[in-house]
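Heads up, our numbering is the position in the sequence shown plus 494, with the first residue counted as 1.
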Amino acid sequence: MNCPSCGHQNAPDAAFCNKCGAQLEIVCVSCKRSNSADSSFCGGCGQRLTAVQTAAAPANPLSYTPKHLAEKILRERAKLEGERRTVTVLFSDAMGFTPLSERTDAEDVYALMQGCLNRMMDAVHRYEGTVTSFTGDGVMALFGAPIAHEDGARRAVSAALEMQRSLADYSEEVRREQPIECRFRVGLNTGPVVVGKISDNLDMDYTALGDTVNLASRMEEAAEPGQVYMTGETHRLAGDYFECEPLGGLMVKGKSAPVVAYRAVREKPAVRTRLEAQAERGLTAFVGREQELSFLRGYFDQAKNGRGQVVFITGEAGLGKSRLLLEFRRALLDEPLTWLEGHCISYGKRIPYLPISEVVKCNFAIEEGDNDEQIVAKVDQRTRDWDEATRQTVPYLKYLLNVDPGNEAIATMDPMERRAGILDALRALLTQESRGRPLVVLIEDLHWVDEKSEEALAAIVDAVRSTPTLMVLTYRPGYAHSLGERTYFSRLALGHLPAEDSAAIAERVLRVAHLPDPVVSLITSKGEGNPFYVEEVTKALVESGVLRPSNGSYALERPIDQVRVPDTIQEVILSRIDRLEQEAKEAIQLASVIGREFTSRLLNRISDIDAKLDDLLVDLKKLELIYEKDYFPELSYMFKHALTHDVAYSTLLLERRKNLHHMVGAAIEELYADRLPEQYEALAHHYHEAQDWEKALDYLAKAGDKAVAAYANQDALDYYARALQVCDTIGPEAMKAAAPIAEKRGHVNFGVGAPDDAARDFARMRECAQTVGDRRLEGIALGWMGTMQSWGSDPEGGQSNIRAALAIADEGYDDVRAFSTFWLGCMTLIYGGIEDGRSLLSESDDVIPELGDPATRGFWAFMRGMMHNWEARYEASLEHNKRWRPALDGAVFTLTGRLWNEALALSGRGDYAQALSRLHEALALCERTGEALVRARVFNTVGWVLGELQDHEAAIEWNKRSEEAAVAINAPDPEIESNARLNIGDSLRALGRHDEAEKYYQTVEHVVRNATPRERFAVWLYSQHMFHSYGELWYERGDHGRALSYADECVQLAESTNRPKNVVKGRRLRGQIMTAQAKLAEAEEEIEMALAIAKEIGNPPQLWKTLVDLGDLRKAQDREADAKAAYSEALALINNVASRLDDEKLRETFLSSPHVQRIRAAAGEKSSA
495 MNCPSCGHQN
505 APDAAFCNKC
515 GAQLEIVCVS
525 CKRSNSADSS
535 FCGGCGQRLT
545 AVQTAAAPAN
555 PLSYTPKHLA
565 EKILRERAKL
575 EGERRTVTVL
585 FSDAMGFTPL
595 SERTDAEDVY
605 ALMQGCLNRM
615 MDAVHRYEGT
625 VTSFTGDGVM
635 ALFGAPIAHE
645 DGARRAVSAA
655 LEMQRSLADY
665 SEEVRREQPI
675 ECRFRVGLNT
685 GPVVVGKISD
695 NLDMDYTALG
705 DTVNLASRME
715 EAAEPGQVYM
725 TGETHRLAGD
735 YFECEPLGGL
745 MVKGKSAPVV
755 AYRAVREKPA
765 VRTRLEAQAE
775 RGLTAFVGRE
785 QELSFLRGYF
795 DQAKNGRGQV
805 VFITGEAGLG
815 KSRLLLEFRR
825 ALLDEPLTWL
835 EGHCISYGKR
845 IPYLPISEVV
855 KCNFAIEEGD
865 NDEQIVAKVD
875 QRTRDWDEAT
885 RQTVPYLKYL
895 LNVDPGNEAI
905 ATMDPMERRA
915 GILDALRALL
925 TQESRGRPLV
935 VLIEDLHWVD
945 EKSEEALAAI
955 VDAVRSTPTL
965 MVLTYRPGYA
975 HSLGERTYFS
985 RLALGHLPAE
995 DSAAIAERVL
1005 RVAHLPDPVV
1015 SLITSKGEGN
1025 PFYVEEVTKA
1035 LVESGVLRPS
1045 NGSYALERPI
1055 DQVRVPDTIQ
1065 EVILSRIDRL
1075 EQEAKEAIQL
1085 ASVIGREFTS
1095 RLLNRISDID
1105 AKLDDLLVDL
1115 KKLELIYEKD
1125 YFPELSYMFK
1135 HALTHDVAYS
1145 TLLLERRKNL
1155 HHMVGAAIEE
1165 LYADRLPEQY
1175 EALAHHYHEA
1185 QDWEKALDYL
1195 AKAGDKAVAA
1205 YANQDALDYY
1215 ARALQVCDTI
1225 GPEAMKAAAP
1235 IAEKRGHVNF
1245 GVGAPDDAAR
1255 DFARMRECAQ
1265 TVGDRRLEGI
1275 ALGWMGTMQS
1285 WGSDPEGGQS
1295 NIRAALAIAD
1305 EGYDDVRAFS
1315 TFWLGCMTLI
1325 YGGIEDGRSL
1335 LSESDDVIPE
1345 LGDPATRGFW
1355 AFMRGMMHNW
1365 EARYEASLEH
1375 NKRWRPALDG
1385 AVFTLTGRLW
1395 NEALALSGRG
1405 DYAQALSRLH
1415 EALALCERTG
1425 EALVRARVFN
1435 TVGWVLGELQ
1445 DHEAAIEWNK
1455 RSEEAAVAIN
1465 APDPEIESNA
1475 RLNIGDSLRA
1485 LGRHDEAEKY
1495 YQTVEHVVRN
1505 ATPRERFAVW
1515 LYSQHMFHSY
1525 GELWYERGDH
1535 GRALSYADEC
1545 VQLAESTNRP
1555 KNVVKGRRLR
1565 GQIMTAQAKL
1575 AEAEEEIEMA
1585 LAIAKEIGNP
1595 PQLWKTLVDL
1605 GDLRKAQDRE
1615 ADAKAAYSEA
1625 LALINNVASR
1635 LDDEKLRETF
1645 LSSPHVQRIR
1655 AAAGEKSSA
């Protein structure tokens, strides 16, 4: 038996080699099981064994690994041990080997297989792969570890193709001497492994993650003889370099779904690059952006002269947005100006006002180490020359900076109101700081902006135009800003640089005047016109020794086809990191755990290399992997590129990451103990990644509460959702903590108009209550869940759940009873159960005001105010809102709803100027706070008021805005859209556009006549409007039969639901029809009834319109004097309404409208037109 390690021939029964001591084993070629040297048959599958099979199991990798590769592995092993690496696994296998071994002399078979194995190993080693094991009649090899490569997948495919070519040649050579045919197949897959210990003899431990190794073996088994099969993952990384044939999905053992596979045919004659990896901005040589710089200077000159400008700079990562701005700032060094900047960060979407607060800090020269007293002093010093009005906003800036605002009310006020104050303060800062000198405000990476900062920008951008301010905002393609369009907005889109500019960048990086064509060709083909790519490729070529200084320039040290040039930017960065000394590499990995930005103090706290850390950071800075961000009060650094941070972080094992995140969290708690709320988001991140679930839960919940206080609803939803996921991880013992988090999330979802999502949150709350056995809490959860279902897509299930809550209330929970009775009454009423709903609401009237539930109390007050309006009790509605204002103003929905309600009541009594004032106040609050549902209603209410005042063109526009807003937010019910469409139809009808109006009426009628359970929401309210309006349309067309049918439906429903205003409209329409039909007695009865009700409710339009119809009736009765008296009384009402309009243009539009002119003419007065 020949020793596989040293080749020495041993006795057939030897268990160990008597020359080198290696264990002698026979590996079964069928099942790969190792058997003792004296075995004749495999103990795993019964296959006959031959001693020749020991050729597949050399014991010492050092014996077959080329010296230069062995030295490289031993030199670099310390950098790889314990790291995650992406590798490509290669399996090769000889087909037909077992039958061959049974009929051929053992020595011949051994020689044959040794020749095959040698050629396999040569192919692997040529591409610097590592043979990790022998499989009896083939090999397993890795590319990417233990020798790190930037193009491991490509190398593996090249080795596989080389292997097949070499084995085919060898097989042909053998066949010429003896009739033996042996064919081979190769399989490849790419995936992650964890590199373990690498011994001195090159034995390597590794742990495959997922199917990394298994799928490579399955590809080999599936391959046809002489072919190379690869998985889709390997093809994704290396396919661009080879001609490949897609095989579709292959069914392989152990996988339920087909595995996408490809057959590698040959290398492409001209290898092309694929550099599309994302990269962050880079401080590349400033080349090719001179025109954009000139544009920026022009925009600044306009701003300096008082015509403020906003410039958006967009471009892919690495195209030079930041470099352009750096050069722009340098170009303005001699200009007296104020430069403020803020930056968005990749994990900062859940940190409210992050870049905005940076801008504020920059304005007041606030440094990291400043304490509260110093910050307050700086703010006071800077703002002492502000005018008196704007100084009133300064406390809000202090609040934004997390210091004492000097006004206790700010900390406890409604988040919406506080947010409005912050926005006013930011506008004040913009206007005041630009008074004496031009102001440049820069915010970078807007694609990572948080919700509140984006809203703040939308709020302050209008102030730019009237100030000497240039605002510059950068973002990547794919992000769509929400700032709209203005005449002073401009956009600069950065494209890829031409080849000559890429060459210029490389020359400046290398500090040479000219590079030879082969070097330029290599760099430009790899850089693809992206300045960051070009810079990093150039540096990698120099650091790897591919380029060497030569006669004042650089030359290729090796031919291009032998150059190991990174093929993606991520691989470029990884190859640079791998070339660092071990301690420098450890420092950059530790820094990556802290984040893109880090302070040396915090890095020192988690590092055990602090004695050398400062020197290491200096070295990393020289290599331009990091740069100094701030100098005072402590030194802080930033990764030069986001991908540098990401790649460094990705090499750490999960367990190591967890430990380091925990260390960072603990260090932050210690270092920032006096200002911990500022760090809630960072602490939530680090403890979550550390899987310290109790602390993660605590800080996630606090971060959510902080977002709610800032009215950053989406951030709050995200934090609460992650907190609930942590509760799931912790298990049943966390259910008590989960319940209030689920409840808070439900209220936030309700506030943003997502009732179905809110219902799921309250269902989660109920599950928690059941787990902990809290029946009262379960009742509250059921009530809220049912309410949200009723408001959302399951009204029947929702009301059933509210009743279930009432059943729990019977166990002695009076607050659950009051709460559930109110919500059941509310939902029953809205869905058309008028009498039952009102009865239930009456039951709750005495207890809800005393209920310790501000959300329910506020909505109760809102509903009662609405019901007064529905019943045309306008004064009662206003008095109610005045009495319950504290409850109504406790949340943004009911606050904006109060203003809307008051507008309805004011317009109901004819005070349109006040009504419009309330509506615009509500709209401003909605815009500031992001409240969407009330906003959409306000739009159509403004439109309705303008329609009442005969400004129909403007009314149509406002109602269309309402319709669009409701569709945009996917409003949970059709009420908003239906009211807007009815209003549009009314205005179109008034303008004589009857066919267009009918389309709107038909759309609403379809909903009314065919309402699903979900669409029955408030249908009884707006259907009365539809019946009257469509009836009037038919009356105006002369179809009295249809008109009367709609009028009857209007009256019947309005009387049964106690809506007197609509009773007036329906009976008046009946009177009009009967007058036209000369049924004057019946007409008089209807009109007199309508007039009596109109006088009782005091709604001017219904009163004057009914008086006009009464005048028409009197004319038909030949009672001209009475007719003129009725017309005159109607005109007096109109003049009274007009006299109270403070908008002169609107008043003129009203008085000059055809509607009013007809009445004026009928009254015998001269037209005002």
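Even glycine gets a Cβ: it sits at the ideal position worked out from N, Cα and C.
Please read all numbers here as calculations on a predicted model, not as lab measurements.
For residue i, name the three-state secondary structure that DSSP assigns.
{"i": "Lys1376", "result": "helix"}
{"i": "Gln721", "result": "coil"}
{"i": "Glu882", "result": "helix"}
{"i": "Gln478", "result": "Not covered by the structure: residue 478. The range shown for the chain is 495 to 1663."}
{"i": "Gly743", "result": "strand"}
{"i": "Pro1043", "result": "strand"}
{"i": "Ser1101", "result": "coil"}
{"i": "Ala1426", "result": "coil"}
{"i": "Tyr756", "result": "strand"}
{"i": "Val581", "result": "strand"}
{"i": "Ser960", "result": "coil"}
{"i": "Ala446", "result": "The structure shown does not extend to residue 446, since the chain is modelled only from 495 to 1663, so the question has no answer here."}
{"i": "Asn496", "result": "Because the pLDDT at Asn496 is just 47, under 50, the model does not fix this residue reliably, and the point stays unresolved."}
{"i": "Thr1093", "result": "strand"}
{"i": "Leu1117", "result": "coil"}
{"i": "Met965", "result": "strand"}
{"i": "Phe736", "result": "strand"}
{"i": "Arg1654", "result": "helix"}
{"i": "Glu861", "result": "coil"}
{"i": "Thr1315", "result": "helix"}
With 16 as the cutoff for other CB atoms within 10 Å, does residue i come out buried or exposed?
{"i": "Ala1491", "result": "buried"}
{"i": "Thr1223", "result": "exposed"}
{"i": "Arg775", "result": "Confidence in Arg775 is poor, its pLDDT being 31 and thus under 50, which makes the residue's placement too unreliable to answer from."}
{"i": "Ala1085", "result": "buried"}
{"i": "Ser1336", "result": "exposed"}
{"i": "Glu1227", "result": "exposed"}
{"i": "Gly742", "result": "exposed"}
{"i": "Leu827", "result": "exposed"}
Just grab the DSSP bridge partners of residue i for me.
{"i": "Asp1124", "result": "Ser1130"}
{"i": "Gly836", "result": "Ile937"}
{"i": "Phe628", "result": "Val633"}
{"i": "Asp1715", "result": "Residue 1715 lies beyond the stretch modelled for the chain, which goes from 495 to 1663, so this question has no answer here."}
{"i": "Cys453", "result": "Summary: the structure shown does not reach residue 453, with the chain confined to residues 495 through 1663, and so no result is reported for it."}
{"i": "Tyr1048", "result": "Pro1043"}
{"i": "Met713", "result": "Partner(s): none; Met713 has no beta bridge."}
{"i": "Leu1191", "result": "Answer is none; Leu1191 lacks a bridge partner."}
Can you tell me the Cβ-Cβ gap for residue i and residue j, rounded? I've got them flagged as a contact below 8 Å.
{"i": "Gly1424", "j": "Asn1207", "result": "7 Å"}
{"i": "Leu1563", "j": "Ala1577", "result": "Their Cβ separation, rounded to whole angstroms, is 11 Å, which puts Leu1563 and Ala1577 out of contact at 8 Å."}
{"i": "Arg1260", "j": "Met1282", "result": "About 12 Å; that fails the 8 Å criterion."}
{"i": "Leu1097", "j": "Ile1088", "result": "7 Å"}
{"i": "Lys843", "j": "Trp942", "result": "6 Å"}
*Where in the segment 1324 to 1356 do unbroken runs of the alpha helix (DSSP H), each at least 4 residues long, occur, reported from the N-terminal end onward?*
1328 to 1338
_For a minimum of 3 consecutive residues, which ranges assigned as the beta strand (DSSP E) are wholly contained in the segment 651 to 690?_
none
*asked:* Please give the ranges of any alpha helix (DSSP H) in the segment 967 to 1013, keeping only runs that are unbroken, at least 4 residues long and fully inside the region.
replied: 993 to 1004
*asked:* Ignoring anything shorter than 4 residues, give me the alpha helix (DSSP H) runs that lie fully in the segment 1473 to 1522, in order along the chain.
replied: 1488 to 1503
*Please list the segments of the alpha helix (DSSP H) lying wholly inside the segment 1407 to 1461, counting only runs of 4 or more residues, in order along the chain.*
1427 to 1442
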